[in-house]
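A quick write-up on the structure given underneath.
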Amino acid sequence: MRELRPHLDVGGFVAQVRDMSTSGYRLAALLSGTQPVAVAGFRIAENLAWGRHLYVDDLVTAAAQRSQGHGAALLRWLREHARKHQCRQLHLDSGMQRVDAHRFYAREGMTKAGYHFVQQLE
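In this note's numbering, the protein residues as written are 36 to 157.
This is the structure we're talking about:
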């Protein structure tokens with residue numbers, strides 16, 4: 036997860052995950068031996084626009100492990116987990132600069148569905 040969220044130190048990461056878990060945030064990892072090679076942070080949510088869905092907050096494969104099917108395997112697991120929890124859709128946002136990730140999502144059958152807007156309040 037550090038590759039995707041380098042601004043978080045270990046203590047900050049653990050504290051934030053604990054806090055987010057009260058809102059349903061969960062972590063899933065694909066391991067090679069005891070080492071995580073792909074990690075996802077996700078939640079089951081419901082809203083008026085999408086109904087019940089699985090939202091992927093974080094999805095990363097270790098740089099040295101990319102193009103070996105790990106990300107695809109974890110995404111398959113996320114889809115099955117979503118189905119098991121009666122979700123009709125899987126959603127995620129991806130930074131505009133993550134062109135390789137966008138190609139990966141397209142290969143996995145995902146489509147671009149909208150724009151995500153942000154406004155800093157600090």
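Glycine included, C-beta positions come from ideal geometry on N, C-alpha and C.
In the three-state DSSP reduction, A97 falls in the coil class, being neither helix nor strand.
In this structure, DSSP gives Q132 a state outside helix and strand, which the three-state scheme calls coil. It is roughly 17 Å from the alpha-carbon of D128 to the alpha-carbon of C122. Considering only T96, P71, H88, the residue with the shortest C-alpha distance to H116 is H88. Cα atoms of D54 and H42: separation of roughly 17 Å, rounded to the nearest angstrom.
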